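Peer 1: Before anything else, here's the structure in question.
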Amino acid sequence: MILLISDLHLEQERPDISRAFLHFLKHRASEAEALYILGDFFEVWIGDDAISPFQHSIAQALRQLSDSGTRIYLMHGNRDFMIGQAFCREAGCSLLRDPSLVELAGEKVLLMHGDSLCTQDEAYMRLRRWLRNPLALFILRNLPLATRRKLARKLRKESRAQTRMKASDIVDVTPTEVPRIMAAHGVRTLIHGHTHRPAVHQLEVAGQPARRIVLGDWDSQGWALQVDEQNWQLAPFSLS
1 MILLISDLHL EQERPDISRA FLHFLKHRAS EAEALYILGD FFEVWIGDDA ISPFQHSIAQ
61 ALRQLSDSGT RIYLMHGNRD FMIGQAFCRE AGCSLLRDPS LVELAGEKVL LMHGDSLCTQ
121 DEAYMRLRRW LRNPLALFIL RNLPLATRRK LARKLRKESR AQTRMKASDI VDVTPTEVPR
181 IMAAHGVRTL IHGHTHRPAV HQLEVAGQPA RRIVLGDWDS QGWALQVDEQ NWQLAPFSLS
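The sequence shown begins at 1 in UniProt numbering and counts up by one.
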């Protein structure tokens, strides 16, 4: 069994989500061969040198799962793209590139966070290109902690304000981008998060039936995709 989740947006201010995640690790993920976390695991991440006691506790829970035999893979999201190797070593997980090709239940599958599919949001795409540039990342990681915290608060505030103002189709994936990138990677299944719109979409890629599975965010409820040889099940569950 393989489990895939995304968009937990873990933060100390949401203990309900943290408790639900720890329960998920103990009672579901412990039975899995692998756990994939496809971005926005944390609400904000300003650098491995600024790990809080809360974030350490999450890393320790992941390490316990990893030590028990479950492989853990973590992909950057738009909120936590500065997670680095120091956190991954502590948590016992491996960083995945975005996008990544993996094999699930004998099928080649494309995994993404999903923000790079929202190409109609031109302002965000410009910001994303700048933030993911290696030189920009180097500069950000070497800014004083106080400056990084201030910048993170500013970006979060602006992001929330702009999202409220944008049309829903602008902040969703671009319909033509999905088959294009799936065809480029030669897959018929794409799994991503980011949009907070869980669903299984049927489509065609290069004249063949295909599907796009969108993982849900953890807020009023949790979401997980469970994959085994017999079934692919995307389902919500209570956080309580």
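For each residue, glycine too, the CB sits at the ideal point set by N, CA and C.
Predicted model, so just to flag it, every value in this text is computed and none were measured.
Look at the Cβ atom of Met-82, then the Cβ atom of Gly-39, and state whether they are nearer than 7 Å.
Peer 2: As a working note, residue 82 is residue 82 in the sequence shown. As a working note, residue 39 is residue 39 in the sequence shown. No; because the gap between Cβ atoms is not below 7 Å, this pair is not in contact.
Peer 1: Is it buried or exposed for Gly-114, if we count other Cβ within 10 angstroms and need 16 for buried?
Peer 2: On the sequence shown, residue 114 is found 114 positions in, with the first residue counted as 1. With 16 or more other Cβ atoms within 10 Å, it is buried.
Peer 1: In or out: Trp-223 buried (at least 16 other Cβ within 10 Å) or exposed?
Peer 2: Here residue 223 refers to the residue found at position 223 of the sequence shown. By the 10 Å Cβ count, Trp-223 comes out buried.
Peer 1: Taking Leu-225 as the reference, give the member of Ile-191, Val-109, Ala-210, Leu-203 with the closest Cα.
Peer 2: On the sequence shown, residue 225 is found 225 positions in, with the first residue counted as 1. Checked all of Ile-191, Val-109, Ala-210, Leu-203; the closest Cα to Leu-225 is Ile-191.
Peer 1: Assign Glu-107 to one of three DSSP states: helix, strand, or coil.
Peer 2: Here residue 107 corresponds to residue number 107 of the sequence shown, with the count starting at 1. Three-state DSSP puts Glu-107 in a strand.
Peer 1: I need the boundaries of the beta strand (DSSP E) containing Pro-209, first residue and last residue.
Peer 2: Locating residue 209 in the sequence shown gives position 209, where the first residue counts as 1. Where Pro-209 is concerned, the enclosing beta strand (DSSP E) stretches over 208-214.
Peer 1: Straight-line CA distance for residue 250 to Ala-206?
Peer 2: Residue 250 lies beyond the residue range present for the chain, which begins at 1 and ends at 240; the question has no answer from this structure.
Peer 1: Quick one: any contact between the stretch 116-124 and the stretch 172-183, if contact means 3 or more CB pairs under 8 Å?
Peer 2: Touching, per the Cβ criterion.
Peer 1: With distances taken from CA atoms, which of Asp-16, Val-187, His-194 is nearest Val-173?
Peer 2: Taking the sequence shown and counting its residues from 1, the one referred to as residue 173 is at position 173. Val-173 has its Cα closest to that of His-194, out of Asp-16, Val-187, His-194.
Peer 1: Helix, strand or coil, according to DSSP, for Arg-188 in the structure here?
Peer 2: One-based indexing of the sequence shown puts residue 188 at position 188. Note: Arg-188 maps to coil in three-state DSSP.
Peer 1: With 16 as the cutoff for other CB atoms within 10 Å, does Thr-147 come out buried or exposed?
Peer 2: Residue numbering aside, residue 147 sits at position 147 when the sequence shown is read from its first letter. That one is exposed.
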